[in-house]
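For reference, the structure discussed in these notes is given below.
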Amino acid sequence: MGYQNLAECVADLERNGHLIRIKEEVDPYLEMAAIHLRVYEKQGPALLFENIKGSKFPAVSNLFGTLERSKFMFRDSLAKVENLVALRSDPIKALKNPFKYAASGLTALSALPLKQSLFKNTFQKTTISAIPQIVNWPMDGGPFVTMPQVYTEDIDKPGVMNSNLGMYRIQLSGNDYITDKEIGLHYQLHRGIGVHQTKSNAKGEPLKVSIFVGGPPSHPLAAVMPLPEGLSELTFAGAMGNRRFRYFYDDEGFCISADADFVITGTVYPNENKPEGPFGDHLGYYSLTHQFPLMKVHNVYHKKDAIWSFTVVGRPPQEDTSFGALIHEITGSAIPSEITGLKEVNAVDAAGVHPLLFAIGSERYTPYLKEKKPQEILTIANHILGKNQLSLAKYLFIAAREDDERLSTSDISKFLQHMLERIDFKKDLHFYTNTTIDTLDYSGDGLNAGSKVVFAAAGEKRRELMAVLPLSFNLPTEFDSFKIAMPGVLAIKADKYQDALSAKKDIELLKSHLKSQDLATLQLIVVCDDVEFTAENINNLVWVAFTRSNPAADIDGVDDFMVNKHWGCNGPLIIDARKKPHHAPELIKDIEVEKRIDRFWQSGASLFGI
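In structure tokens form, the structure reads like this:
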């Protein structure tokens with residue numbers, strides 16, 4: 001739909017049964033997030049909080065909480081934009097099917113940003129502390145903006161067409177920030193805003209930043225889209241929203257989104273940082289306090305009937321999971337088309353997105369070989385790990401399309417089973433050590449520092465995976481419980497992790513004990529703190545195994561060896577996925593807050609029956 005603003009979207013959702021108003025007063029400290037999480041877990045409606053303690057502004061969340069609701073909001077533009085993205089990824093499609101793509105050029109042209117100064121008088125001024133101070137998790141360093149659109153321009157090529165619109169988290173207060181005058185920005189230097197900051201730093205000039213909140217739902221979607229090179233986020237926002245992105249510049253030269261509900265403007269000076277965090281993040285843990293860029297606030301604008309927009313970040317699935325599903329609907333084959341031979345890639349949401357990738361590629365090298373082995377898919381794997389956000393992954397499992405045309409990366413259990421039935425741990429593991437990993441991932445040996453590993457499998461099925469342990473199976477007394485988590489995968493409980501030396505002794509003891517047992521069809525052992533939790537379902541298994549381990553440090557194997565600097569093992573692979581002292585704490589709900597919000601579901605309350 002061509003919503004002019006967020007209020008139009010809210011009204012449309014409410015008319016069609018997709019939104020509930022919460023009229024009772026609600027505390028922005030933990031309560032709003034707890035309500036959101038409970039409603040999202042039940043795949044419930046969007047929520048409009050009308051009465052927020054300490055703020056006159058209402059707030060909306062869970063807009064993108066289901067794929068159905070997202071597609072409803074973009075029901076008039078989704079198909080056109082899918083064609084536009086496909087055309088930019090593969091222009092030859094327009095020549096092959098000119099009638100299908102004829103409208104795409106017009107869509108892009110009509111979506112060009114529109115500069116209009118007449119909107120200047122529709123904004124009023126407020127302060128940072130007047131905005132809803134929403135805190136999501138008990139250990140968060142303060143209130144954060146969790147649905148921002150952060151706008152910057154290239155100092156060498158100013159103007160909207162060379163701008164960046166990204167979703168980077170913003171800390172509004174807490175830590176050492178001066179109230180109403182300073183806020184914190186969290187982003188990596190390789191991101192669009194980071195490139196702009198690096199250029200400004202080189203010239204010794206401050207970077208101008210505008211933070212938009214609210215506006216039509218196409219605007220936050222544009223801020224998170226992995227768009228093809230040359231397709232502007234502002235143009236995409238216009239195409240997706242059936243309404244050109246309207247903007248103007250204020251008296252201080254900051255770009256203002258004319259349809260946004262709130263705009264915060266400010267400057268980031270070279271080498272000025274302050275501690276930002278902690279923050280409950282999408283890996284299911286807190287990202288801890290670190291030095292990040294400081295933004296000095298100039299102005300805080302808002303519309304007359306402004307609505308604050310927010311979400312809650314935590315262990316998947318969350319609202320950003322549904323966001324991701326919508327992005328996949330739109331982009332479809334955009335990433336595979338950029339890497340020759342890649343058929344499918346999936347950042348596994350259940351494992352916190354960035355730690356684990358599943359991929360399928362073509363394996364066409366030396367087809368005359370009697371026994372197929374990973375070759376082309378290793379080349380593809382290198383491309384994947386060098387591609388934008390995919391480069392943050394620690395674990396990459398890649399299979400050959402020719403081995404099973406029906407295989408899908410979206411089915412976690414079946415994909416893992418396919419891999420474990422075929423992989424040869426003597427030769428099919430490939431490590432990248434002393435490299436970078438996600439800033440939010442604390443499983444490595446320092447901030448941004450860790451390792452990666454590629455699991456590559458191609459060829460015929462080698463084995464039936466163990467579904468039941470043999471009666472003769474046993475473990476040392478130090479390992480007091482175990483359970484098959486899925487065919488071929490065993491979860492084993494070990495003593496609490498103390499340090500690297502004692503952990504090595506634990507694993508060596510386990511390896512020595514298992515070496516004499518017949519475990520040919522057992523492929524993976526996950527050493528953990530809680531067997532029942534880890535083996536309860538596939539989501540728990542991949543979350544524990546891949547968020548609590550650093551491949552080079554925590555992978556071992558029964559009867560392992562080193563040949564020509566290549567590590568492998570003849571028996572089952574072992575991942576030590578116990579919590580380590582340097583790991584960040586996991587996100588745990590506040591029990592008292594959970595009890596308090598029960599009142600919203602009582603008879604006569606706003607969420608009764610939801």
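Residue numbers for the sequence shown follow this note's numbering, so the first one is 1 and each next one is one higher.
We treat Cβ as the ideally placed atom computed from N, Cα and C, and that holds for glycine.
Since the structure is predicted, the reported quantities are computational estimates derived from the model, not experimental observations.
Kindly give me the distance between the Cβ atoms of residue i and residue j, rounded to whole angstroms, as I take these residues to be in contact under 8 Å.
i, j, result
"PHE248", "GLY238", "In fact, because the Cβ distance is near 15 Å, the residues do not count as touching under 8 Å."
"TYR187", "TYR168", "4 Å"
"THR409", "ILE330", "With a Cβ gap of about 18 Å, THR409 and ILE330 do not count as contacting."
"PRO143", "LEU172", "5 Å"
"LEU465", "GLU536", "Going by Cβ atoms, the distance from LEU465 to GLU536 rounds to 19 Å, so no, they are not a contact pair."
"PHE415", "LEU407", "7 Å"
"LEU447", "HIS282", "That belief does not hold up - the Cβ atoms of LEU447 and HIS282 are roughly 17 Å apart, past 8 Å."
"PRO476", "LEU501", "Incorrect: roughly 18 Å between the Cβ atoms, too far for contact."
"ALA605", "GLU24", "7 Å"
"ASP647", "ILE128", "Here the chain comprises residues numbered 1 to 610, so residue 647 is not present and cannot be evaluated."
"ILE170", "VAL145", "4 Å"
"GLU31", "VAL468", "That pair is no contact at about 47 Å."
I'd like to know whether the C-beta atoms of residue i and residue j end up nearer to each other than 9 Å.
i, j, result
"ILE507", "ASP556", "yes"
"LYS303", "PHE254", "no"
"LYS493", "CYS528", "yes"
"GLY341", "ILE307", "no"
"LEU440", "TRP137", "no"
"SER391", "ILE377", "no"
"ILE20", "LEU63", "no"
"ILE575", "ASP559", "no"
"ASN271", "ASN175", "no"
"VAL213", "ALA33", "no"
"GLN517", "PRO470", "yes"
"MET240", "VAL81", "yes"
"GLY314", "SER257", "no"
"VAL544", "ALA520", "no"
"ILE610", "PRO45", "yes"
"LEU573", "LEU607", "no"
"ILE211", "PRO148", "yes"
"SER55", "HIS36", "no"
"GLY65", "PRO275", "no"
"LYS71", "LEU227", "no"
"ILE538", "ILE412", "yes"
"LYS370", "VAL453", "no"
"ALA583", "SER443", "Note that residue 583 corresponds to His in the displayed sequence, not to Ala. Yes, the pair counts as a contact, with Cβ atoms nearer than the cut-off."
"PRO355", "TYR3", "no"
"VAL160", "LEU234", "yes"
"MET139", "PRO585", "yes"
"ALA134", "PRO28", "Note on residue identity: the sequence assigns Ile, not Ala, to residue 134. A contact, by the Cβ cut-off of 9 Å."
Which partner residues does residue i have in the DSSP bridge list?
i, result
"ASP560", "CYS569"
"THR126", "VAL300"
"SER173", "Answer by DSSP bridge pairing: none, since SER173 is not bridged."
"HIS290", "GLU276"
"ARG246", "LEU114"
"HIS186", "ARG169"
"ASP261", "Answer is none; ASP261 lacks a bridge partner."
"VAL268", "LEU207"
"SER309", "VAL60"
"GLU586", "TYR285"
"LEU19", "ALA46"
"PHE144", "GLN171"
"ASP576", "VAL527"
"ASP154", "LYS157"
"MET295", "ILE183"
"GLN602", "According to DSSP, GLN602 bridges with nothing at all."
"ALA457", "ALA399"
"VAL10", "Answer is none; VAL10 lacks a bridge partner."
Please list the terminal residues of the continuous alpha helix (DSSP H) segment that includes residue i.
i, result
"PHE49", "No alpha helix (DSSP H) holds PHE49; the beta strand (DSSP E) holding it covers 46-49."
"THR534", "531-536"
"LEU283", "Here LEU283 belongs to no alpha helix (DSSP H), and DSSP marks it neither H nor E."
"ASP506", "500-514"
"TYR40", "31-41"
How about residue i: is its C-beta nearer than 9 Å to some C-beta of chain B?
i, result
"ASP530", "Chain labels in this structure do not include chain B; a single protein chain is all it has."
In the DSSP assignment, find the beta strand (DSSP E) that holds residue i and state where it starts and stops.
i, result
"PHE473", "PHE473 -> no beta strand (DSSP E), and no H or E assigned at all."
"PRO551", "Per DSSP, PRO551 belongs to no beta strand (DSSP E); it is in the alpha helix (DSSP H), 551-554."
"LEU490", "489-493"
"MET486", "481-486"
* **Uninterrupted alpha helix (DSSP H) stretches inside the stretch 312-378 (no shorter than 4 residues)** => 319-331 and 334-338
* Fully enclosed by the stretch 201-234, which alpha helix (DSSP H) runs are 4 residues long or longer? -> 218-224
* **Every unbroken alpha helix (DSSP H) within the stretch 377-455, with a cutoff of 4 residues, ordered by chain** => 412-422
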